[in-house]
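Structure, as structure tokens:
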Amino acid sequence: MLRLSGAAALTLAAGIACYLAPLRPNILALQLAFSPRAFAEVIHAWSADDLLRYRAHLPYDCLLLACYGAFGYLLASRSALFAARPAALRNLALWLLPLAAAFDAAENAFHWWLTAVPRFDIAWAYGVAAACAAGKWLLLLGFWLLVLYALDRRRD
Numbered sequence: 002m003l004r005l006s007g008a009a010a011l012t013l014a015a016g017i018a019c020y021l022a023p024l025r026p027n028i029l030a031l032q033l034a035f036s037p038r039a040f041a042e043v044i045h046a047w048s049a050d051d052l053l054r055y056r057a058h059l060p061y062d063c064l065l066l067a068c069y070g071a072f073g074y075l076l077a078s079r080s081a082l083f084a085a086r087p088a089a090l091r092n093l094a095l096w097l098l099p100l101a102a103a104f105d106a107a108e109n110a111f112h113w114w115l116t117a118v119p120r121f122d123i124a125w126a127y128g129v130a131a132a133c134a135a136g137k138w139l140l141l142l143g144f145w146l147l148v149l150y151a152l153d154r155r156r157d
């Protein structure tokens, strides 16, 4: 299951990255748009087809987040990588990717809703969506730093 979830996550991530590569500005600009104005600047730079492309990727992104969340949990709980690490480190690694996936799911829900029609009068929603995206990226980074740390400690 670990290998399957990892392979599925890599495949989906690569496919989504290729599919969204034509978007200019890229999706990171949209993800980190904390205000209605910043969000609108990205949306208005895209064509109608670009916006449809972005919205069409969201269901696949939900599959991706399920796969990477499962992968992180399984890697921390069932692989030898974290077995010899302190329990606190193992527990942290166990929940970083599932928590990132939860933030990603919330971000996707907000972006699905915010890209359906203009909702610029609901400023808090843009901030929450961007905070979810930022949290997701920080948790993903944290997990991979823990993996590198565990790999380095395993060599010792």
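Quick note on this note's numbering: the sequence shown kicks off at 2 and runs consecutively. For glycine and all other residues, C-beta sits at the position ideal for the given N, C-alpha and C.
How is residue i classed by DSSP in three states: helix, strand or coil?
i	result
V148	helix
W125	helix
L1	Because the chain here runs from 2 to 157, residue 1 falls outside it and cannot be looked at.
A18	helix
W47	coil
P60	helix
L24	coil
A1	Residue 1 lies beyond the stretch modelled for the chain, which goes from 2 to 157, so this question has no answer here.
Should residue i be labelled buried (16 or more other beta-carbon atoms within 10 Å of its own) or exposed?
i	result
D50	exposed
H45	exposed
D105	buried
P37	buried
Using beta-carbon positions only, say whether residue i and residue j come within less than 8 Å of one another.
i	j	result
D102	L66	Note that residue 102 is Ala in the sequence shown, not Asp. Cβ distance < 8 Å, so A102 and L66 count as in contact.
Y69	L93	no
A77	L95	yes
Determine contact between the segment 28-43 and the segment 82-100, defined as no fewer than three beta-carbon pairs at a distance below 8 Å. no
With three or more beta-carbon pairs closer than 8 Å as the criterion, would you say the segment 136-150 touches the segment 110-120? no
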